[in-house]
Amino acid sequence: MKYLRRFNENLNSIGQDLSDIFLEVNDETFWKVESWYVVSQEKWIVIIQTVDEDEEYELEGQTPLPIVIESIERSIEFMSGEGFTNHQITFENTDDVFNQSSSINLEDFPDLDVWPNNFIRIEFMK
2 MKYLRRFNEN LNSIGQDLSD IFLEVNDETF WKVESWYVVS QEKWIVIIQT
52 VDEDEEYELE GQTPLPIVIE SIERSIEFMS GEGFTNHQIT FENTDDVFNQ
102 SSSINLEDFP DLDVWPNNFI RIEFMK
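Numbering (my numbering), first residue to last: 2 to 127.
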């Protein structure tokens, strides 16, 4: 029981720290970040996407801002320190019926065009 309580406290702490790392991204007008832990797979998932607050026009593709890239770099460093030393970054499309994704590296980010139906997914595993 004590182990389970400590485990939950650790997960809550990591989740709060991830939220803090991506706080500045969430403050940007067209960007939103969410994260959660998948117990059955023992991994953290972070989703970074654009949001269209003004539905009067279609939000055009957005190149990830420097703060997005910096926050991803900080999250990789932080999660490595928490024992999640493996990570995978994918670029996915929510309109794709086959749910295909492509792996990307941080070097690819300046070339990305993130539309409201796309998102960047980061998985942190031990």
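Heads up, the beta-carbon is just placed ideally off N, CA and C, and yes, glycines get one too.
Assigned with DSSP and collapsed to three states, I77 falls in helix.
Exclusion of the five residues before and after I49 leaves V34, I121 as the residues of its chain whose Cβ lies within less than 6 Å of its Cβ. When DSSP states are grouped into helix, strand and coil, F120 belongs to the strand group.
One alpha carbon belongs to G62, the other to D112, and they sit about 11 Å apart. With contact defined as three or more Cβ pairs closer than 8 Å, the stretch 84 to 96 and the stretch 26 to 41 are not in contact. Taking the Cα positions, N119 is about 8 Å away from T51.
Residue burial is scored here from C-beta neighbours: P67 has fewer than 16 other C-beta atoms within 10 angstroms and is therefore classed as exposed. With a cutoff of 8 Å on beta-carbon distance, S104 and L19 are scored as not near each other. Look at N87 here: in three-state DSSP terms it is strand.
By a beta-carbon distance limit of 8 Å, L12 does not contact F31. Their separation comes to about 29 Å. Counting the other CB atoms within 10 Å of its CB gives S81 a total below 16, which places it among the exposed residues. Ranking F110, V47, F85 by CA distance to the CA of N27 puts V47 first.
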